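The opening position of the sequence shown corresponds to residue 7 in this note's numbering, with each subsequent residue numbered one higher. Beta carbons: idealized from backbone N, C-alpha and C, even for Gly. The structure presented is a predicted model; accordingly, all values stated were derived computationally and were not measured.
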Amino acid sequence: MGDHLEKGQHALLNEGDENEMEIFGYQTQGCRKALCLVGSIFSLGILPLVFYWRPAWHVWANCVPCSLQEADVVLLKTTDEFKTYSWKKVMWISLSALSRTSGLTPDHPLITDEEYIINRAIRKPDLKVRYIKVQKIRYVWNNLEGQFQKIGSLEDWLSSAKIHQKFGLGLTSEEQEIRRLICGPNAIDVEVTPIWKLLIKEVLNPFYIFQLFSVCLWFSEDYKEYALAIILMSVISIALTVYDLRQQSVKLHHLVESHNSITVSVCERKGESIPVTKTPLSQMASSAPWKMQTEADPRRHVLFCGTEVIQARAAGSGTVRAVVLQTGFNTAKGDLVRSILYPKPMNFKLYRDAIRFLLCLVGTAAIGMIYTLCVYVLSGEPPEEVVRKALDVITIAVPPALPAALTTGIIYAQRRLKRKGIFCISPQRINVCGQLNLVCFDKTGTLTRGGLDPWGVVPCDQNGFQAVHSFASGKALPQGPLCAAMASCHSLILLDGTIQGDPMDLKMFEATKWEMTISGDDFHIKGMLAHTVVVRPTDSVGQVPVEGLAILRQFPFSSALQRMTVIVQEMQGDRLAFMKGAPERVASFCQPDTVPSSFISELQMYTTQGFRVIALAYKKLESDCPATALMREKVESDLIFLGLLILENRLKEETKPVLEELISARIRTVMITGDNLQTAITVARKSGMVSEGQKVILVEANEATGSSSASVSWKLVEDKKHIPLENQDNYINIREEVPDHGREGSYHFALSGKSFHVLSQHFSSLLPKILMNGTIFARMSPGQKSSLVEEFQKLDYFVGMCGDGANDCGALKMAHVGISLSEQEASVASPFTSKTANIKCVPHLIKEGRAALVTSFCMFKYMALYSMIQYVGVLLLYWETNSLSNYQFLFQDLAITTLIGVTMNLNGANPKLVPFRPAGRLISPPLLLSVIINILLSLAMHVVGFVLVQKQPWYLMELHSVCTMRNENISAIITSPNVPEKNRSHSPFSSFENTTIWFLGTINCIIVALVFSKGKPFRQPTYTNYIFVLVLILQMGVCLFILFADIPELHRRLDLLCTPVLWRVYILIMISSNFVVSFAVEETIIENRALWLAVKRCFGYQSKSQYRIWQRNLANDSNWPPLNQTSCSDMQGVSYSNPVFESNEEQL
């Protein structure tokens, strides 16, 4: 369907975005709808259920294809690997009410200007708007361009001059009404999902429908005990799921509600909820889009959703105005909330294999049904009995208790994680944790302590750097321009008598021992507005050259510019400009003769020790020019270098041992930080991410400039040898040696966000090779963090991301497993949140994930064997037109399998991380072989038992007299002329075949549970699971008691026949033989990792994972890595970017 599309029927929605979809137009047809209604009635509701599971079928059955312009229904299909379908009705908004109240006509000036999407959407002359609503976002039909477009955002192509002209004075009441009606309310409302909705959605799960079918069948056969047990388990399972979903819904509702009224993080580096200064959008004559008009980050002009404006000052006379850029769910916060409401499906092979596993069981059941029909029809049984027995086979081959059994393992793992302070909002992700083989870490607040403390300052004069002033000494900082720069070059504000702002700025200001005040109305200095921030030295400082500094203007810090500048006015003195920022950037704006010749070595000395270094500079300005009229380019030139501010950021105590544990378990660790590259390299070395003896290779890529194409160079980093300034790369020392290629992983690549961007655009074929050993990624923006995680996923890594800030949200969402160390914004984006703010949670999570994954496999194998044991036994008995009785089924299903299913999963995780992962697929050869061998063993045992019992000399005896006779007298009785008829009994089920098959099957279920219950290396040994061991002992004891006890009433209840003791011993021997062979095969073949590795080598099997392929290729490449070389791109114009993973905030 959909191969032959009508013209205009198909289009792309959100092209290039993460939630890109294909959209198809359809028109409802009356006769088709009527036929579907009839089909729904005659199918007793099965057809609507199928349509619910397959939305595309609903549209194809009820509608005919048409152009999107004529469609009243649209079919949506995601363009990711899941190809998920959904459908939406096309709705209409009428502006007729406005035409009556506001006199709105088709030729009204308000709606004739087609520069805006909102006006292009209004159909004239009837003043109507067509729209669809998809995942909380409205898309209106653009009549001019003939496509659905997102509404609720300011047009990107508008210039700053146009914005000032159009919106400078605000919107008229008529314009407000039109926009409110078409765009919808400007609110992020997340309603608490009603329990009945959650209940219906859960109950309509295909497996619960199958359980309903099974229960109905069992009630018709009077098998009500197990039916009630399944109902009880299903009700508990559904109740727990609904409760969990309801709690998540309530939590999200409260979170969004509370964030609508409090300060939300707008910080660009670490994610703290701190005040940030925003600057006005300048009126420029350029016609370029407002985001492209300056090189500075456009986000500095934007207030993000949820931000509390705590102070607003106009640059001149007049009031402060803001234009709404995006509304509702179009905002950055709305986008985050939508990503939680509509999470991306998880592509995990285990769940795909689980579906295949169930389909195999269904196929097996189909074969059994055909066999049953043949046997019972040929035996002349009534049709209703034939149908009932055939349907029984389905419920035997496909165990209805499977979902509950699998869920228990996840619940236990979640509970164990909770005890360790790790909370999970997506329990299915626990299994994915077991497959992690690469973990990305943010640096500040994750690997290192959150705050930066001033350690000292290194002043400089014309003679070079002076002695370092340590803050630990307690001595006052020498007064002068350096101290004034620290006191004034920041974005701190005074709110209700409290200084607030960036913690680093706050620590820097406190170190000066100055104070901050706000100027009054009577305070007049040329060029200074009322209520300006003034900083003054306190009395404790002593005699100072200046009375105070008034901060006239700020050029705020930008991560793109890596600097900030302020213009200040000395009281009765000069006008000055102070700059602070990344040392290499600040030095580039200074007069060369003011930068000490030892600048590089001094900087290197501190950065290699892991210190954070900030440079400071200043210049004098002319006092006659207003501060607001000065251009940033003029202010930031010919500065005088003042010195370096040294800040300390220590590793957390837990960091190094955790990273060592992960590396020893062969789990790759990667650092992604917004910090300085040299600092990141030092932290990587100190933390053990880069171990002693391993080399760090700096990869630097540069954009194409003029006639030269984009280039990439490789240089070896060391920390002793110093080289001239002109050869420096970001002030990192380089050496000329060629690294040892003898051992994989003996080198690590380090690169900046800028280089990563250039590599993504111009060196797409080179990027995977760099990522194979890329360990340190510095100066990374939030969007680049997300893109990097996605690139690792393309290499078939299972990626974990651990971070603590708002700028990690995108990467936390993108990773297979996101772990937040913060209970703020990041915790909403990630499936796991650690109450303890260190990375000890990462190995805990991986251990529990591995244990949960192995538990899932054990449970799948056990449920498969349990169903096959019953299946084989029942089909053998069907040959004699017999079966197991209800109580026999109940004993196996409830007393044996259900108890095992609940307790088998209780094994905790092994406290040691081993250097290999459990199998990630159900169809892996060891698992398949294990299941097949055990099925064959069970089949052989049942067939042998079934055949041998019929050959016993007492088989044709009076049933109740067998137990009273001695074995040696049986032959004499058999030869007597008065032999009664075979299997004379009051019960239709009682027979020697039935008794033998039941004992073999029941005890085999216990044995299989013991064989399949795995301990080390991923779980704790089975004997530590005391409840499970106790259950197995009790079950085995009860079964042996029933087998050997001669209690007629017990035999009658269970529809068993009393057999000679010797035959019971034979049954025990058959079971013991089966156990010995099964256990031996499991231990010597299935669990023998060395054997499987040898088999792989013998058959030349090689992993098809992309990263394994690249590892093999690079191992054979003697020229990799190409040290001390520079490669140029010949692919200009070829783009390899990831716009999909840029958040709304990043796009700004």
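If you draw a straight line from the alpha carbon of E387 to that of Y32, how long is it in whole angstroms?
Residue numbering aside, residue 387 sits at position 381 when the sequence shown is read from its first letter. Residue numbering aside, residue 32 sits at position 26 when the sequence shown is read from its first letter. So the two alpha carbons sit approximately 51 Å from each other.
Between the region 215-228 and the region 371-387, are three or more C-beta pairs nearer than 8 Å?
no
In the structure shown, what three-state DSSP assignment does H966 receive?
Here residue 966 is taken as the residue at index 960 of the sequence shown, counted from 1. Here the model assigns H966 a pLDDT of 48, short of 50, so the residue's position is not dependable and the matter cannot be decided.
In angstroms with no decimal places, state the Cα-to-Cα distance between K297 and P212.
The sequence position of residue 297 within the sequence shown is 291, counting from 1. The sequence position of residue 212 within the sequence shown is 206, counting from 1. Approximately 49 Å between the Cα atoms of the pair.
Taking the straight line between their C-alpha atoms, what separation do you get for G616 and L622?
Along the sequence shown, read from residue 1 onward, the residue named residue 616 stands at position 610. Along the sequence shown, read from residue 1 onward, the residue named residue 622 stands at position 616. CA-to-CA, the gap between G616 and L622 works out to about 19 Å.
Does DSSP classify I143 as helix, strand or coil?
Position 137 of the sequence shown, counted from the first residue, corresponds to residue 143. Of the three classes helix, strand and coil, the one that applies to I143 here is strand, per DSSP.
Within this structure, are the beta carbons of I157 and E208 separated by less than 9 Å?
The count along the sequence shown starts at 1 and reaches residue 157 at position 151. The count along the sequence shown starts at 1 and reaches residue 208 at position 202. The Cβ atoms of I157 and E208 lie no closer than 9 Å to each other.
Can you pull the DSSP bridge partners for Y137?
Position 131 of the sequence shown, counted from the first residue, corresponds to residue 137. M97 and V146.
Going by other Cβ atoms of all chains shown within 10 Å of its Cβ, with 16 needed for buried, is S997 buried or exposed?
Residue mapping note: residue 997 aligns to position 991 of the sequence shown, counting from 1. The residue in question, S997, is buried, as its Cβ has 16 or more Cβ neighbours within 10 Å.
Nearest-angstrom Cα distance between G926 and R856?
Taking the sequence shown and counting its residues from 1, the one referred to as residue 926 is at position 920. Taking the sequence shown and counting its residues from 1, the one referred to as residue 856 is at position 850. Rounded to the nearest angstrom, the two C-alpha atoms are 10 Å apart.
Can you tell me whether Q1026 is helix, strand or coil according to DSSP?
Along the sequence shown, one-based indexing puts residue 1026 at 1020. In this structure, Q1026 counts as coil in the three-state DSSP scheme.
The beta strand (DSSP E) with A756 in it runs from where to where?
Counting from 1 along the sequence shown, the entry for residue 756 is found at position 750. Per DSSP, A756 belongs to the beta strand (DSSP E) from Y753 to S758.
Supposed close pair I428, C847 - CB separation, criterion 8 Å:
Against the sequence shown, residue 428 aligns to sequence position 422. Against the sequence shown, residue 847 aligns to sequence position 841. The beta carbons of I428 and C847 sit about 5 Å from each other, so the pair counts as a contact at 8 Å.
Excluding the 5 residues flanking A318 on each side, which residues of the same chain have their C-beta closer than 6 Å to its C-beta?
Against the sequence shown, residue 318 aligns to sequence position 312. Taken in chain order, the residues that qualify are V326.
What is the C-beta distance between Q575 and R581, in whole angstroms, given that I count them as a contact (C-beta under 8 Å)?
For the purposes of this step, residue 575 is taken as the residue at position 569 of the sequence shown. For the purposes of this step, residue 581 is taken as the residue at position 575 of the sequence shown. Indeed, because the Cβ distance is near 5 Å, the residues count as touching under 8 Å.
For a test of the three-state rule: what should DSSP assign to G680, helix, strand or coil?
As a first step, residue 680 is located in the sequence shown; it is residue number 674 there, counting from the start. Looking at G680 - three-state DSSP - the assignment turns out to be coil, as it is neither helix nor strand.
Bounding residues of the beta strand (DSSP E) (the contiguous stretch that carries L444):
Residue mapping note: residue 444 aligns to position 438 of the sequence shown, counting from 1. Note, L444: beta strand (DSSP E), L444 to F447.
Cutting at 6 Å between CB atoms, please list the residues of its own chain near T600, excluding the five before and the five after it.
Here residue 600 refers to the residue found at position 594 when the sequence shown is read from its first residue. Answer for T600: I646 and F647, listed in chain order.
Restricting to Cα atoms, I'd like to know which of S643, I1091 and F1005 is closest to D1061.
Reading the sequence shown from its first residue, position 1055 is the one you call residue 1061. The shortest C-alpha separation from D1061 is found at F1005.
L765 versus L187: straight-line alpha-carbon distance, rounded:
Position 759 of the sequence shown, counting from 1, holds the residue named residue 765. Position 181 of the sequence shown, counting from 1, holds the residue named residue 187. Whole-angstrom Cα-Cα distance: 45 Å.
Going by the CB atoms, is the gap between G334 and C189 shorter than 9 Å?
Here residue 189 refers to the residue found at position 183 when the sequence shown is read from its first residue. Here residue 334 refers to the residue found at position 328 when the sequence shown is read from its first residue. In this structure, C189 places its C-beta atom within 9 Å of the C-beta atom of G334.
Terminal residues of the continuous alpha helix (DSSP H) containing W224?
Position 218 of the sequence shown, counted from the start, is the residue given in the question as residue 224. Unbroken alpha helix (DSSP H) run through W224: P212 to S226.
Nonlocal neighbours in the same chain, by C-beta distance under 7 Å from V920, ignoring five residues either side
Numbered from 1 along the sequence shown, position 914 holds the residue referred to as residue 920. Within the same chain, V920 has close Cβ partners A671 and P1023.
Taking V908 as part of the alpha helix (DSSP H), name the residues at either end of that continuous run.
As a working note, residue 908 is residue 902 in the sequence shown. Looking at the DSSP string, the run of the alpha helix (DSSP H) that includes V908 is L905 to T909.
Count the CB pairs spanning the region 147-165 and the region 57-75 that are closer than 8 Å, and state whether there are at least three.
yes
Between the Cα of Y1072 and those of H948, R1025 and K284, spot the shortest distance and give me the residue it belongs to.
As a first step, residue 1072 must be located in the sequence shown, where it is residue number 1066. Cα-wise, what sits closest to Y1072 is H948.
Nearest by alpha-carbon distance to A556: which of E590, I499, Q610 and M611 is it?
The residue you call residue 556 lines up with position 550 of the sequence shown. Ranking the options by Cα distance to A556, first place goes to I499.
Extent of the continuous beta strand (DSSP E) to which N708 belongs
Here residue 708 refers to the residue found at position 702 when the sequence shown is read from its first residue. Run containing N708: K701 to N708, per the beta strand (DSSP E) assignment.
For Y32, the residue or residues it bridges with in DSSP:
By one-based count along the sequence shown, residue 32 stands at place 26. Beta-bridge pairing links Y32 to P71 and V79.
DSSP bridge partner residues for W720 (one or two, in chain order)
What you label residue 720 is simply residue 714 of the sequence shown in a count that begins at 1. Answer is V705 and Q1131, bridged to W720.
Helix or strand or just coil, what does DSSP make of L622?
As a position in the sequence shown, residue 622 is number 616, starting the count at 1. L622: strand per DSSP, three-state reduction.
8 Å Cβ shell around E628 - same chain, five flanking residues per side excluded:
The sequence position of residue 628 within the sequence shown is 622, counting from 1. Hits under 8 Å: R581.
W885: first and last residue of the uninterrupted alpha helix (DSSP H) it sits in:
Taking the first residue of the sequence shown as 1, we reach residue 885 at position 879. Element bounds for W885: C847 to W885.
Relative to the C-alpha of L942, which candidate in D511, C1045 and V1083 has its C-alpha closest?
Residue 942 sits at position 936 when you count from the first residue of the sequence shown. It is V1083 whose Cα lies nearest to the Cα of L942.
What's the gap between the Cα of M510 and the Cα of L827?
Translated into the one-based positions of the sequence shown, residue 510 becomes position 504. Translated into the one-based positions of the sequence shown, residue 827 becomes position 821. Their Cα atoms are separated by approximately 20 Å.
From the DSSP output, in three-state form, read off A473 for me.
Here residue 473 refers to the residue found at position 467 of the sequence shown. The three-state reading of DSSP puts A473 in coil, since its state is none of H, G, I, E or B.
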